[in-house]
Amino acid sequence: MTPPDAPQALLIRTAGTNCDLELAHGLSLAGAAPTTLHIQQLLDRPECLDGFDLIALPGGFSHGDDIAAGRVFAVRLQSLLDPLRRAIDRGVPILGVCNGFQVLVKLGLLPDPAAQAQQTTLTHNATGRFIDKWVGVEAPGDTVCVWTKPLAVQGRFELPIAHGEGRFVAEDDVLQRLCAQGQAALRYAPGENPNGSAGDLAGVCDSTGRVFGLMPHPERATDFTHHPAWTRMTPAERNREPLGLRMLRCGVASAASAASPAAGV
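Number 84 in the numbering used here belongs to position 84 of the sequence shown; there are no gaps in the numbering.
This is the structure in structure tokens:
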């Protein structure tokens, strides 16, 4: 049972979103109280955003990935930029997973919510093919990301990916700035970059470390049986908290520390 003082997590979905149930389950396991709302409900009542302690954009294929992955969803969210920025200003962690990451980038909330223009993008994999597998990732020790910094001591760990447009692209000066400011929140392990992302980046955050987008799916790594090799795990490995769940716990813990009044929807 979710405790009454659990951080209130909002999941925003639209046509084509298909990972909202898994992410809601993962956030619930991590200690949050999730609520899923269709974007139209928020467009009708944007003040609802002011009552949540954590905001998440799940994965999927929003609006069929027409034009470009996440582009249409990002355009629809433009009118909610002010309440989203207010949420960031009051310390609300924001998570974008896979398609959600694409949306945050195309909306301009990553890597800099204050920027007036899109600075990076996520485009077709270098292979030109959809990729669905588990990959090795690492959390850099110098990242400011509240979702991944506690995982830096883990070294290499694995998370699942499933995307056709996951290649992170940025100009050299933007990439250098992200790395210098600790905004490189998650990298593909050496030799395991599956899509050709610049700097091997699997996820980036804003300068506060609270707004985080990543291509791998932490919500699909919240139980040891999710891993394809779980039958070969040792008892110790099976008893270890999955890293996807631990990542979500980090975000929920950050939300709890800056909790706001419960939402009324």
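Where a beta carbon is used, it is the ideal one built from N, C-alpha and C, also for glycine.
Nothing here was measured: the structure is a model prediction, and the numbers come from that model.
Pairing CB atoms from the region 23-33 with CB atoms from the region 66-73, are three or more of them under 8 Å? no
Where does Gln41 sit, in a helix, a strand or coil, going by DSSP? helix
Determine which residues share a DSSP beta bridge with His25 and list them. Paired residue(s): none; His25 is not in a bridge.
Check whether the Cβ atoms of Ala56 and Leu95 sit closer than 8 Å, and answer yes or no. yes
Inter-residue spacing [alpha-carbon to alpha-carbon] between Thr121 and Leu214: 12 Å
Pairwise C-alpha distance: Gly59 and Ala24: 12 Å
Just the C-alpha distance for Pro194 and Ala256, rounded to the nearest angstrom, thanks. 34 Å
For Pro235, I'd like the list of residues in its chain whose CB is within less than 8 Å of its CB, leaving aside the five on either flank, ordered along the chain. none
For the region 178-188 against the region 197-206, are there 3 or more C-beta pairs whose distance is under 8 Å? yes
From Gln8 to Gly141, what does the alpha carbon distance come to, in whole angstroms? 29 Å
If we call anything under 8 Å between Cβ atoms a contact, is Leu245 one with Gly26? yes
In whole angstroms, what is the alpha-carbon distance linking Arg76 and Arg167? 23 Å
Pull up the CB-CB distance for Leu11 and Asp5, whole angstroms please, since I reckon it's below 8 Å. Wrong, their Cβ atoms sit about 20 Å apart, outside the cutoff.
Roughly how many whole angstroms lie between the Cα atoms of Ala180 and Arg232? 40 Å
Between the Cα of Phe157 and those of Val211, Val144, Gln176, Trp134, spot the shortest distance and give me the residue it belongs to. Trp134
Option nearest Pro46 by Cα separation, candidates Ser79, Phe61, Gly64: Ser79
Can you tell me whether Gly128 is buried or exposed, with buried defined as 16 or more other CB within 10 angstroms of its CB? exposed
Helix, strand or coil: how does DSSP classify Pro3 here? coil
CA-to-CA distance, Asp44 to Gly155, given in whole angstroms: 44 Å
Looking only at C-alpha atoms, which of Gln40, Gly64, Thr35 sits nearest to Phe52? Thr35
Three-state secondary structure assigned by DSSP to Ala15: coil
Can you tell which of Ala114, Pro93, Arg220 has the C-alpha that lies nearest to the C-alpha of Cys145? Pro93
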